[in-house]
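Peer 1: My questions all concern the structure below.
Structure (structure tokens):
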């Protein structure tokens, strides 16, 4: 019988080490992870798939062997009863399916491992890392951040990201267009890696910061960080290092060349593109190197065209066209026809230029349609997985209750049997004395049976209503999450920052109501919400959505043991959302730390909500009373709805007190 160690060893042989490379405890890093260092090959995100027949067949055979090996290991682990080994191999299968771009299957399996009570701390952590990646690929960024916030970094103290856990958030912020927050987080990561003397990660994050600046067209800043990355590389590594030195150097040079080309300095860019191509073509060859060489050749052809070197440009794109026949690089193919279009136009071959332009537009329309379809599919997968996960959790809880009830029933049955035997003995002893009352006993037994049957019917009806109410709250919560996601998708299409902020504020208000319904279907009593937990979760959610990396906010929640209905939870939650959002945006400018306190107290039938921050306060309480913003309008409207009164103070920080009467 194989033990746990044997299964893990075999699993590592077929699928690579489960726990990845951790940072070395010295300044020299272990083998770099190519997914971390960004270069020209992934500034235009797409999946590069080898289409050459011979390579594809070999790849398929290799994948099939891996799948068979994992299935064999899973079968043997199951027969051995080694639960931890089973979960470990399942996690490997999830990674395997993600490699095949089957996010749906990968998500299902990884979720099973993540929520299993049998998973140890490391398995729980690494399944969380994988779930975070899958949700990110699906575009479910909020879900990805939720998984990230629940990771236990103490389970893997040597994991490289444990020193800069917030760096993952920079990827999401960059993806959704919030470059300011992405830049702040990456700078913090650079400082951390420099202080801890991890030069590869300092190099990687420095290069990535240049990519972010290039993406927002701040080319001077991009050039600065690319050159810094090159200096870190040459100062700490050489061709003998445990990394592909030439390829990494070429990636950075290619990024620098792209900046020069965007600035119109094509003559300076051309030699850097050539060095990048030369380094990418060195042995050993990989798909990543091959693709980078093609993209850099396209950039070089574009620079040749811009400088009038038409013969060199034409020869280069003819070679590229031959390479593109063996690869499915949609973005590279689009760039090929764009460059050919411009080249023919400059050479005066207008007929060929028109053909190239038409081909360019056909491919672009096809890509846009495919991207839209993929976005909708990803959104559906992420949403359905969330519903499935919630349903499974509910079923697990229901199953646990049924098991407890079954154990109680066994105990009651045994106890009842003993009591029945005792009663039977007593009945035999006194049967003669009560023989004249037998008819009365029969009647009493019939009434008792009828009462028990009615009690069972009532209990079953109450249970069904309870489940129905929970399902209603659950579905309302899911529908609100869909609305929030639609807000998010719409915001990505909006360029105007003011309009985008309005959409985000609406999304935050929807989150408030969604959290209320989540609390309701999780609560023991479906019509009441426990306010200490509700306000704490709400405040943390608001901080996660709105807080920038330039300052830290301390949070204090003081709530009496108050349980109230949704009619009170909605207005209080909405007011707290508006007040916290306003503080985060305006109260702490120019500071590194801030404090927010929220208090909800009850005295008799009177309730008092106090909110205060230690920010810069307000210039005039009179102007605040007259303020006509949507946030203040909403707070006044909700206060009137509660028949309450509010009072402001703003000499030192800002404080608002709202009092209202609540009948119990």
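In this note's numbering, the protein residues as written are 63 to 726. A virtual CB, placed ideally from N, CA and C, is assigned to each residue, including glycine.
Nearest-angstrom Cα distance between residue 426 and residue 397?
Peer 2: 10 Å
Peer 1: Does DSSP put residue 151 in a helix, in a strand, or in coil?
Peer 2: helix
Peer 1: For residue 316 versus residue 334, is the C-beta distance shorter than 8 Å?
Peer 2: yes
Peer 1: For residue 510, count neighbouring Cβ atoms within 10 angstroms of its own Cβ and tell me buried if that reaches 16, exposed if not.
Peer 2: By the neighbour-count rule (16 or more Cβ atoms within 10 Å), residue 510 is not buried but exposed.
Peer 1: Any C-beta of chain E sitting closer than 8 Å to the C-beta of residue 184?
Peer 2: Of the protein chains in this structure there is only one, and it is not chain E.
Peer 1: If I follow the unbroken beta strand (DSSP E) through residue 621, where does it start and stop?
Peer 2: 614 to 621
Peer 1: Taking only runs of the alpha helix (DSSP H) that begin and end inside the segment 309 to 388, which ones reach a length of at least 4 residues, in chain order?
Peer 2: 328 to 342, 349 to 368, 372 to 386
Peer 1: Starting from residue 656, trace the alpha helix (DSSP H) in both directions and tell me its first and last residue.
Peer 2: Per DSSP, residue 656 belongs to no alpha helix (DSSP H); it is in the beta strand (DSSP E), 655 to 665.
Peer 1: If the criterion is Cβ atoms closer than 8 Å, does the pair residue 188 and residue 153 meet it?
Peer 2: Taking 8 Å as the cut-off, the Cβ atoms of residue 188 and residue 153 count as close.
Peer 1: Give the secondary structure of residue 711 by DSSP, where H, G and I count as helix, E and B as strand, and everything else as coil.
Peer 2: strand
Peer 1: Would you list the one or two residues that DSSP bridges to residue 721?
Peer 2: 670, 707
Peer 1: Using beta-carbon positions only, say whether residue 701 and residue 708 come within less than 8 Å of one another.
Peer 2: yes
Peer 1: When the distance is taken between beta carbons, is residue 289 closer than 8 Å to residue 255?
Peer 2: no
Peer 1: Considering only residues of the same chain and omitting the five flanking positions on each side of residue 56, which have a CB-CB separation below 6 Å?
Peer 2: Any answer about residue 56 is impossible in this case: the structure gives the chain only from 63 up to 726.
Peer 1: Relative to the C-alpha of residue 179, which residue among 146, 220, 217 is closest?
Peer 2: 146
Peer 1: Which residues bound the alpha helix (DSSP H) around residue 192?
Peer 2: 183 to 199
Peer 1: Use the C-beta contact count for residue 362: other C-beta atoms within 10 angstroms, 16 or more gives buried, fewer gives exposed.
Peer 2: buried
Peer 1: Only counting the same chain, and skipping five residues up and downstream in sequence, which positions put a Cβ closer than 7 Å to that of residue 348?
Peer 2: Same-chain partners within the cutoff: there are none.
Peer 1: Keeping to the same chain, check which residues put their C-beta closer than 6 Å to that of residue 330; ignore five residues upstream and five downstream.
Peer 2: 322
Peer 1: Just how far apart, CA to CA, sit residue 417 and residue 400?
Peer 2: 11 Å
Peer 1: Between residue 645 and residue 675, how many whole angstroms is the CB-CB distance? I'm expecting something under 8 Å.
Peer 2: 5 Å
Peer 1: Would you mind stating whether residue 165 and residue 199 have Cβ atoms separated by less than 8 Å?
Peer 2: yes
Peer 1: Following the continuous alpha helix (DSSP H) through residue 269, name the residue where it begins and the one where it ends.
Peer 2: Where residue 269 is concerned, the enclosing alpha helix (DSSP H) stretches over 261 to 277.
Peer 1: Can you grab the Cα-Cα spacing for the pair residue 600 / residue 673, in whole Å?
Peer 2: 14 Å
Peer 1: In three-state terms, what does DSSP make of residue 288?
Peer 2: helix
Peer 1: Okay, do the segment 254 to 273 and the segment 223 to 242 touch, 3+ Cβ pairs below 8 Å being the bar?
Peer 2: yes
Peer 1: From residue 560 to residue 240, what does the alpha carbon distance come to, in whole angstroms?
Peer 2: 13 Å
Peer 1: Give the DSSP-derived three-state secondary structure of residue 567 in the structure shown.
Peer 2: If DSSP states are grouped into helix, strand and coil, residue 567 belongs with the helices.
Peer 1: Taking Cβ positions, are residue 192 and residue 157 nearer each other than 8 Å?
Peer 2: Between residue 192 and residue 157, the CB-CB gap stays under 8 Å.
Peer 1: CB residue 716 to CB residue 704, shorter than 8 Å?
Peer 2: no
Peer 1: DSSP on residue 114, reduced to helix/strand/coil?
Peer 2: Summary for residue 114: the model assigns pLDDT 36, below 50, so the residue's position carries little reliability, and this model does not support an answer.
Peer 1: Just the Cα atoms here: how many angstroms apart are residue 129 and residue 155?
Peer 2: 8 Å
Peer 1: Per DSSP, what are the beta-bridge partners of residue 592 in this structure?
Peer 2: 625
Peer 1: Quick check: what's the CA-CA separation for residue 370 versus residue 379?
Peer 2: Just so you know, the alpha carbons of residue 370 and residue 379 end up roughly 15 Å apart.
Peer 1: Check residue 650 in the structure and name its three-state DSSP category.
Peer 2: coil
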